[in-house]
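For the sequence shown, the positions run -23 to -1, 1 to 519 when mature numbering (1 follows the signal peptide of the UniProt record, and there is no 0) is used. Have a look at the structure below before the remarks.
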Amino acid sequence: MGENKFSCSLLLLFLFLATCVNGEDPYRFFTWNVTYGDIYPLGVKQQGILINGQFPGPQIECVTNDNLIISVFNNLNESFLISWNGLQQRRNSWQDGVYGTNCPIPPGQNFTYILQAKDQIGSYFYFPSLAFHKAAGGFGGIKVSSRPLIPVPFPNPAGDYTILAGDWFKQNYTDLQAILDGGNNLPFADGLLINGRGWNGYTFTVDQGNTYRFRISNVGLTTSINFRIQGHQMQLVEVEGSHTLQNTYSSLDIHLGQSYSVLVTADQPAQDYYIVVSTRFTDPVLTTTAILHYSNSAGTVSGPPPGGPTTETDWSLNQARSIRWNLTASGPRPNPQGSYHYGLINTTRTIRLANSAPVINGKQRYAVNSVSFIPADTPLKIADYYQISGVFNLGSIPDNPTGGGGYLQTSVMAADFRAYVEIVFENSEDTVQSWHIDGYSYFVVGMDGGQWSPASRDNYNLRDTVARCTVQVYPNSWTAIYMALDNVGMWNIRSENWARQYLGQQFYLRVYSPAHSWRDEYPIPTNALLCGRAAGRRTRSL
């Protein structure tokens, strides 16, 4: 009887695959076993979260429009979910992998994600989204290459390297979570990691005279970083799926959750050089290094690692403004990226989002427009599908800052499919903020210091700003984006500072289409896990 049920489930799964994705696009299958394991990234034994025994986890390598079938087996003693930072799920928030859309994978069970790199290229990463698991590992890189017939605006590099960098704590993730649950702030990070290792723990080998692509992501918890390579210049070529003007930089600020691609030519004397990552806007400044090793090296690294920029924000702000779209380059499809004239479309709604750090019921919390998010007992997407009342209310977060005190709420904002919105992130605090929107790429039209006003639009870049999925907001500053609401679903808008996200600086945007058509959104997967008030229900048969 059990075998018949398993066979039936498999049949339904493949029927869903055949129906909901383009059968002509290739499939890539992954099996991931999630376990605990001892790790020593800063020389201290910790309990890490490993995928197939690896920390960081295995890299996903695929091509535009590939279908990704990722079977995740949870061998932890607690529930687990994986989310995809920047890998948009077109019409398919069912696969987003955050608690607002998915029931967690229970201990000892598995779930198969059915994803598609639909009309995407670029550099991204995945990470565990529940609790404070991200502080234990479970993250890895995502590389989406262009299809062979789509031109790329630079020659094929001799090699392609992924760098996952960020801050790290020596305390186990359960202890860090307990600090937050107790209403306190996290301590300052203990160090920085590059691909899971500390000082000089990782080596990248290059051949003299060749050019290499480095895909760099800030996978840390709380801190912006600066990236540089001793004696070498970096040519920026891609930001989270957008080909950029190929400006040259000696160092790059990379904020929480962001990903960049640079080309580096091994054009220096044959020896070893430092690859340096340091914290930004912190006192003290943390630094770690890896090694750029020339294959014909005549010597080891020498001298101190090169220093980074000062703690001032003006340098970083000017660098951010210099990152522009390459309007002559093709995107995932054979049409110029610049053919989408984002600046000529009238916005239909302005949403202003202000972060704050209120104390609520005697405990430190973080909020958006005074609302500090609390998870519901049922994932919001599932409650919406089954029309379960009492889980959330639309309009439970206002479109504008209230200026009032913080309060707890399961906050969901209503939005209409195909609207074109202006979102302004306003930061009156003295720390850099970093914001991510699941399921979307958006145009960063402006950022500046001071208070945003309608007159700020006069200085927007409406021609060649970069499109990305994670954007920074400097202290006492604002950042504005334009976004086409072309992806139906329930989508998480969150701080990429994981302590702030965990303590409420997030909410969900419900992009709604009354058509209820598969053209707009895929149906609930037949293998969907159901929990909370939806437990015991059945998914709709195909």
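The beta carbon of each residue, even a glycine, is placed where N, CA and C say it ideally should be.
query, result
"First through last residue of the alpha helix (DSSP H) which encompasses tyrosine 150", "150 to 158"
"Rounded separation between residue 561 and phenylalanine 165 - CA only", "The displayed coordinates of the chain run from -23 to 519. Any statement about residue 561 would go beyond what the structure contains."
"Beta-carbon contacts of valine 368 that lie in its chain and below 6 angstroms, excluding the five residues immediately before and after", "Ala353, Thr355 and Ala360"
"Proximity below 9 angstroms, CB of tyrosine 101 to CB of valine 75", "no"
"As assigned by DSSP and simplified to three states, the class of histidine 232", "coil"
"Close Cβ partners of serine 293 (< 6 angstroms) along its chain, the five nearest in sequence each way excluded", "Asp230"
"Cβ-Cβ distance between valine 216 and glutamine 235 below 9 angstroms", "yes"
"Which residues DSSP lists as bridging serine 442, in chain order", "The sequence shown places threonine at residue 442, rather than the serine named in the question. DSSP, once it has assigned bridges, lists Arg301 as partnering threonine 442."
"Collapsed DSSP secondary structure at tyrosine 363 in the structure displayed", "coil"
"Residue environment, valine 11, which counts as buried when at least 16 other CB atoms sit within 10 Å", "buried"
"Rounded C-alpha distance that separates glycine 416 from alanine 391", "15 angstroms"
"Local conformation of tyrosine 226 per DSSP, three classes", "strand"
"Which of helix, strand or coil DSSP assigns to glycine -1", "Because glycine -1 carries a pLDDT of 49, less than 50, the predicted location of this residue cannot be relied on, and the following value inherits that uncertainty. It is coil, neither helix nor strand."
"Residues bridged to glutamine 65 [DSSP beta-bridge criterion]", "Its beta-bridge partners do not exist; DSSP assigns none."
"Residue from Gly218, His270, Thr259 and Tyr437 whose Cα sits closest to the Cα of valine 241", "His270"
"Threonine 496 classed as buried or exposed, judged by whether at least 16 other C-beta atoms fall within 10 angstroms", "What sits at residue 496 in the sequence shown is arginine, not threonine. Label assigned to arginine 496: exposed."
"Any 3 or more C-beta pairs closer than 8 angstroms across the stretch 79 to 93 and the stretch 20 to 34", "no"
"Inter-residue spacing [alpha-carbon to alpha-carbon] between tyrosine 13 and leucine 19", "17 angstroms"
"Alpha-carbon spacing of serine 106 relative to histidine 413, whole angstroms", "13 angstroms"
"Cutoff 8 angstroms; reference aspartate 96; Cβ partners in own chain excluding five residues on either side", "Thr41, Asn42, Arg67, Gly308, Pro309 and Arg310"
"Within 9 angstroms, strictly: CB atoms of isoleucine 193 and valine 239", "yes"
"Exposure of tyrosine 17, with buried meaning 16 or more beta-carbon neighbours within 10 Å", "exposed"
"Through-space distance from serine 411 to glutamine 449, alpha-carbon basis", "4 angstroms"
"Valine 183 beta carbon less than 9 angstroms from that of phenylalanine 131", "no"
"For proline 431, three-class secondary structure by DSSP", "helix"
"Span separating the alpha-carbon of threonine 266 from that of isoleucine 91", "37 angstroms"
"Ordered list of alpha helix (DSSP H) runs contained in the stretch 242 to 305, each at least 4 residues", "290 to 299"
"Alanine 108 to alanine 476 span [Cα, whole Å]", "10 angstroms"
"Straight-line Cα distance separating arginine 5 from asparagine 177", "34 angstroms"
"For glutamine 93: DSSP bridge partner residues", "Asn44"
"With 16 other Cβ atoms within 10 Å as the buried cut-off, status of alanine 306", "buried"
"First and last residue of the uninterrupted beta strand (DSSP E) at tryptophan 412", "410 to 414"
"Alpha helix (DSSP H) segment containing tryptophan 475, residue limits", "475 to 479"
"Sub-9 angstroms separation of alanine 511 and tyrosine 419 beta-carbons", "no"
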